[in-house]
Amino acid sequence: DTAVSQTPKYLVTQMGNDKSIKCEQNLGHDTMYWYKQDSKKFLKIMFSYNNKELIINETVPNRFSPKSPDKAHLNLHINSLELGDSAVYFCASSQDPSRRSPLHFGNGTRLTVT
Amino acid sequence: AQSVTQLDSQVPVFEEAPVELRCNYSSSVSVYLFWYVQYPNQGLQLLLKYLSGSTLVESINGFEAEFNKSQTSFHLRKPSVHISDTAEYFCAVSDRYMSTGGFKTIFGAGTRLFVKA
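From first to last, the protein sequence lines stand for chains A and B. Numbering follows this note's numbering, in which position 93 of the first sequence is assigned residue number 1021; successive positions increment by one, without gaps. Numbering follows this note's numbering, in which position 49 of the second sequence is assigned residue number 454; successive positions increment by one, without gaps.
This is the structure we're talking about:
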């Protein structure tokens, strides 16, 4: 049983298109996240939801819109894709948003924008 | 704001040799530290964490890290590495998110451990 699962694993698309990445966790966690990992492996948080409520929104272009229909799901929709959006996007979850809770990651979605 | 610095981008080492991956954090009153490992084409997995108590923490696969407050360090060590330890290792710290008072995890730039036969 996969704890945090993301789909698709690979996503290749052209500039200007709109795409979505889905994430689901079966750990019963309250908090979910989206992280972006660039080509140099640097990880940066994008968003965090706690029980469907947005609690972290870093400096991310408005073209990125997260949606959490319930606490087990956090999807990421990206409008008007740009070359610079190419990266690996990781979904993660934690038991709660406290500083003590470690993150559980999905296996990532490699987005390539051509 | 908290930050972590991983001093080595790559560490090549021979199999069965000891290894140390260095991590320094910015000073704070209290700090919660983590090491994560990322194998190729996978997500990150928690290796070990320091929340409080004993300054030496261990993982199930032989890694250990020591919290050193005076040197603001949390170096990761293993006395004898295996080929299968080849991976990217990330040091991380919890940081308060100012807008909501919640916490977010800040990652270092990562250290690629490459174990050679």
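Using N, Cα and C, we set each Cβ at its ideal position, and we do this for glycine too. Note that the coordinates shown come from a computational prediction; the quantities given were computed from them, not determined experimentally.
Amino acids of chain A, ordered along the chain, whose beta-carbon sits closer than 8 Å to that of residue i
i, result
"Q410/B", "Gln is not the amino acid found at residue 410/B; the sequence shown has Thr there. Result: empty, since nearest Cβ-Cβ is about 13 Å, beyond 8 Å."
"G448/B", "V932, F1018, A1020, F1033, G1034, N1035, G1036"
"A514/B", "K968, K969, F970"
"F419/B", "Correct list: empty, because the minimum Cβ distance to chain A is about 23 Å."
Separation of residue j from residue i, as counted between CA atoms
i, j, result
"Q942/A", "I1006/A", "12 Å"
"L461/B", "T1042/A", "47 Å"
"Y977/A", "T1037/A", "19 Å"
"E469/B", "E986/A", "32 Å"
"N954/A", "K999/A", "10 Å"
"V436/B", "G944/A", "42 Å"
Under 7 Å by beta carbon: chain B residues contacting residue i
i, result
"P1025/A", "G507, F508"
"S976/A", "K509"
"I1079/A", "This structure does not reach residue 1079/A, given that chain A is present from 929 up to 1042, and the question cannot be answered."
"P1030/A", "F439, L451, K454"
Beta strand (DSSP E) segment containing residue i, residue limits
i, result
"Y961/A", "959-965"
"V498/B", "492-501"
"D998/A", "992-998"
"A931/A", "A931/A -> no beta strand (DSSP E), and no H or E assigned at all."
"L1011/A", "Premise fails: L1011/A is in no beta strand (DSSP E) and is neither H nor E."
"Q443/B", "438-443"
"M943/A", "Where M943/A is concerned, there is no enclosing beta strand (DSSP E), given that its DSSP letter is neither H nor E."
Residue burial classification, residue i (beta-carbon count within 10 angstroms, cutoff 16)
i, result
"G1034/A", "buried"
"D1013/A", "buried"
Residue i: CB within 8 Å of a non-hydrogen atom of the ligand GTP
i, result
"Y444/B", "This structure simply doesn't include the ligand GTP, nor any ligand for that matter."
Where residue i meets chain A, residues with beta-carbon distance less than 7 Å
i, result
"S499/B", "R1027"
Worksheet item: When Cβ atoms are compared, which residues of the region 949-975 of chain A fall closer than 7 Å to chain B?
Response: Of all residues in the region 949-975 of chain A, the ones placed with a Cβ closer than 7 Å to any Cβ belonging to chain B are K969, F970, L971, I973, in chain order.
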